[in-house]
């Protein structure tokens, strides 16, 4: 297919995606103005359509830039198809009326402008002619804590559940016919966990978004990554105060060797933590470690210099004692968490992660500033704290 035909095909795809976003956005705005509830599915459709539109725009920009580098020497280039669509009234109508967002908890202090000075926020260099397409981003930390936990959805602002907090098992054989049977006891408590909002935003000038259209999608991607990074740490370590989730570690049970061994290594310790979870009637489904500690474990050798687990040329996923090992810097160095993530805890999404673009107030409007907001609402329920074992990685030796 000729490059010109590819550009036309991508332009048609981008226009179709834009029309879909505009239609869904109009429907969502109308239903929100009417105060309708239960529109989460429609919000998800808007988010998915917006992602598809951004992806189509990126592919179109890449194709046009490849054509420009191939040797077009015309003295004055006409507007590209992508630019015509980007400047169309239909697309502008969507940008000026995005889905409304909520409050932000983190603000980037430097506003982005098209200046080329050394002042904070200067981003005009993105519009330099013949610049290599795309933005080279720093590596993202792998986020896996949510993946371990059972998923859920909610339409409320809190989750209530009844948790068993005590069980005295006095089951026994009846001593004789007609004799009094043994009595056992159960104790329950009502638990309520609130839905929390995680959010942040960044301000940018309308000019820089118009002149470097890739910047808008790039900012949205980076904001979403930052949000997920905080979510990862909240699910693990949140203290439950001042808007924070109450994470698993603050509720977990402290490690206590149930086998009372005289000596054990840190690998033995993790196996003992699995036993501790099993004794709580919830078999463990994974370990969470700091990457430094997992590296130490992988490098452990026997007396003959042979690696105890794995080999340098191995490609198998990290496992220990038959369970997956999740490594994350959200876990403190020298600490661990072992537990039944898939059975003893659940994440409830009230509003899935989304990115919205809007002019927030009159002052922003007259200054040509836009706000790009990224947020989500979720709750974490830990049903059996004793099914999670946490502690300090420390080998035990007999004096």
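Numbering (the numbering used here), first residue to last: 32 to 430. Where is the CB? At the ideal position from N, CA and C, for every residue including glycine.
**Prompt:** With which residues is residue 382 paired in a DSSP beta bridge?
**Reply:** 408
**Message:** I need the straight-line Cα distance from residue 282 to residue 414, nearest angstrom please.
**Reply:** 10 Å
**Item:** Buried versus exposed, by CB contacts within 10 Å (16 or more), residue 369
**Value:** buried
**Beta-carbon proximity check, residue 27 vs residue 423, cutoff 9 Å** = Lying outside 32 to 430, the shown extent of the chain, residue 27 is not represented and no answer is given.
**Request:** Note the first and the last residue of the continuous beta strand (DSSP E) segment covering residue 420.
**Result:** 419-423
**Asked** residue 266 and residue 279 look like a contact to me (Cβ under 8 Å); what is the Cβ gap, rounded to whole Å?
**Response** 7 Å
**Request:** Use the C-beta contact count for residue 191: other C-beta atoms within 10 angstroms, 16 or more gives buried, fewer gives exposed.
**Result:** exposed
**Request:** Determine the closest residue to residue 314 out of 396, 404, 45 and 352, with distance taken between C-alpha atoms.
**Result:** 352
**Message:** Could you compute how far the alpha carbon of residue 234 sits from the alpha carbon of residue 398?
**Reply:** 11 Å
**Message:** Considering just the uninterrupted stretch of the beta strand (DSSP E) at residue 324, what are its terminal residues?
**Reply:** Careful: residue 324 lies outside any beta strand (DSSP E), inside the alpha helix (DSSP H) at 322-329.
**Prompt:** For residue 375 versus residue 418, is the C-beta distance shorter than 9 Å?
**Reply:** yes
**Asked** So, using beta-carbon positions, are residue 262 and residue 407 closer together than 9 Å?
**Response** yes
**Asked** Roughly how many angstroms separate the alpha carbons of residue 205 and residue 199, rounded to a whole number?
**Response** 18 Å
**Item:** N- and C-terminal bounds of the beta strand (DSSP E) containing residue 184
**Value:** 181-184
**Request:** Would you kindly work out how many angstroms separate the C-alpha atoms of residue 324 and residue 403, rounded to a whole number?
**Result:** 38 Å
**Asked** So does residue 213 have its beta carbon nearer than 8 Å to some heavy atom of the ligand GDP?
**Response** In the structure shown, the ligand GDP is absent, as is every other ligand, since no ligand is present at all.
**Item:** Boundaries (first-last residue) of the beta strand (DSSP E) holding residue 354
**Value:** 354-358
**Asked** Can you tell me whether residue 193 is buried or exposed, with buried defined as 16 or more other CB within 10 angstroms of its CB?
**Response** exposed
**residue 272 versus residue 222 - alpha carbon distance** = 16 Å
**Asked** When we look at the beta-carbon of residue 350 and count the other beta-carbons within 10 Å, is it buried (16 or more) or exposed?
**Response** exposed
**Message:** As a quick exercise: from 316, 201, 65 and 429, pick the residue whose alpha carbon is nearest that of residue 217.
**Reply:** 201
**Per DSSP, the bridge partner or partners of residue 317** = 370
**Asked** Going by Cα to Cα distance, which pick from 401, 288, 326 and 410 is closest to residue 276?
**Response** 410
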